[in-house]
Amino acid sequence: MAAEIITPDNIEAGSGAFQFREEIVASGQTLKRGDVVKLNSGKLEKIATGDTPYAVMADDVDASSGDKPGTVFYSGHALVEDELDYGTGSADEFRDALRQRGIILVKGVK
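Here my numbering is used: the first residue of the sequence shown is 189, the next is one more, and so on.
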């Protein structure tokens, strides 16, 4: 297995008892690091207004041609809210539900 090259970004706001989880990304989805996602029939999909957030993508996954595994920030994370993609929703809409999942949105940390 080749070593993965990690490019630093501004998504993570601090350190903590991070929990990552590998989940299946639904076929037809192309998800990016920082996308807020929901579970639909046990598979990850990009979130939209009115959905219940499940986690935040920790890596990019192209599942356009079939289901693929992907890693998510699951709990114990402080993430910079302006660096995340909420689909058709917003940080204000999903903040409380993400906090209940153990993901804290932080403003203005760069």
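Positions of the beta carbon are idealized from the N, C-alpha and C atoms, including for glycine.
Query - 9 Å Cβ cutoff met for T276 and S252 - result: Against the sequence shown, residue 276 aligns to sequence position 88. Against the sequence shown, residue 252 aligns to sequence position 64. Not closer than 9 Å, so no.
Query - Segment limits, alpha helix (DSSP H) that includes D284 - result: If you number the sequence shown from 1, residue 284 lands on position 96. Looking at the DSSP string, the run of the alpha helix (DSSP H) that includes D284 is 279-288.
Query raised in the report: Within the chosen definition, does the region 245-260 reach the region 222-232 through at least 3 CB pairs nearer than 8 Å?
Result: yes
Requested in this report: Measure how close the beta-carbons of K226 and D239 come, nearest whole angstrom, since I'm counting them as under 8 Å.
Outcome: Within the sequence shown, numbered from 1, the residue matching residue 226 stands at position 38. Within the sequence shown, numbered from 1, the residue matching residue 239 stands at position 51. With 8 Å as the limit, K226 and D239 qualify as a contact, their Cβ atoms being about 5 Å apart.
Query raised in the report: Excluding sequence positions up to five away, which residues of its chain have a Cβ less than 7 Å from the Cβ of L293?
Result: For the purposes of this step, residue 293 is taken as residue 105 along the sequence shown, with counting starting at 1. For L293, where only same-chain residues beyond five positions count, the Cβ hits under 7 Å are L267, E269, A279, R283, L286.
Report task. To the nearest angstrom, report how far apart D255 and N228 are at their CA atoms. Result -> For the purposes of this step, residue 255 is identified with residue 67 of the sequence shown, where counting begins at 1. For the purposes of this step, residue 228 is identified with residue 40 of the sequence shown, where counting begins at 1. Distance between the alpha carbons of D255 and N228 is about 13 Å.
Query raised in the report: Is D250 helix, strand or coil when you go by DSSP?
Result: The residue labelled residue 250 in the question sits at position 62 within the sequence shown. Three-state result, D250: strand.
Report task. Could you please give the first and the last residue of the uninterrupted beta strand (DSSP E) stretch that includes K231? Result -> Within the sequence shown, numbered from 1, the residue matching residue 231 stands at position 43. Note, K231: beta strand (DSSP E), 231-234.
Query - Distance between G290 and E210 (C-alpha atoms, nearest Å) - result: Sequence index remark: in the sequence shown, residue 210 carries index 22 (1-based). Sequence index remark: in the sequence shown, residue 290 carries index 102 (1-based). If you take the alpha carbons of E210 and G290, they lie about 16 Å apart.
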